[in-house]
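First the structure, in the form of structure tokens, and then the observations on it.
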Amino acid sequence: MKYPLSILLVLLFVTGCAPMMAPVSGPPSTPPAPATPPPDDEPGDVRDGVPGDVIVPSSPAPERASSSAVAQLVANAWEYSRAGEYDRSNAVVERALRINHTEPEIYLVMASNYFAMAQLQLAEQLARQGLPLAGSNGAVKRDLQRLLSQIISAK
């Protein structure tokens, strides 16, 4: 009788130490439609380069992301950012960051969001982190450099 009780205690201990599975959430609800910029604005530009303005990529996100999941998360994050939902955009792009921390456009989205929220120190830090990752990706590198210069001039 001593052994069955020992086995039961070991089983209870092992199951108690097992990690709990986090519930898997489904795909995000339909993202909001992007706001249409005034006709005199060019994509990739900030009107006055002041905190609170939204930085948008100068070209559509190419499918060069390490996975389609990262590319989709980045695209969703840009949509939320354009709609002014910066916290939601950051939450989405942080998921992409956990999947691939070497994707420079992730840092561009986050830096842009923090710049729009007037958190200049964090925006500058993220833009600087993204620059070396951009490598030969000219469009993202150019957008990161432009954003960084706007952040520095806004300080």
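Each position in the sequence shown, counted from 1, maps to that position plus 42 in my numbering.
Don't be surprised by glycine CBs; every beta carbon is placed ideally from N, CA and C.
In this text, all values refer to a predicted model and were calculated from it rather than measured experimentally.
Distance from the Cα of Glu127 is smallest, within the candidate group His143, Ala158 and Leu186, for Ala158. Taking C-beta atoms as the reference points, Pro146 and Gly180 fail to come closer than 8 Å. Counting of Cβ neighbours within 10 angstroms places Arg140 among the exposed residues, the total staying below 16. The shortest C-alpha to C-alpha distance from Ala133 to any of Ala119, Ala125 and Ala169 is the one to Ala119. Non-local C-beta neighbours of Leu190 in its own chain, meaning closer than 6 Å and more than five positions away in sequence, comprise Ala169, ordered along the chain. Rounded to the nearest angstrom, the gap between the Cα atoms of Ala125 and Ala196 is 22 Å. Annotated three-state conformation of Asn142 is coil, per DSSP.
For Ala176, the enclosing alpha helix (DSSP H) stretches over residues Leu162 to Ala176. For Ser109, there is no enclosing alpha helix (DSSP H), as DSSP gives it neither H nor E. Contact check for Asn155 and Val112: beta-carbon distance about 17 Å, past the 8 Å limit, so the pair fails to qualify. The straight-line gap separating the alpha-carbon atoms of Tyr122 and Arg130 is approximately 7 Å. For Lys197, there is no enclosing alpha helix (DSSP H), since its DSSP letter is neither H nor E.
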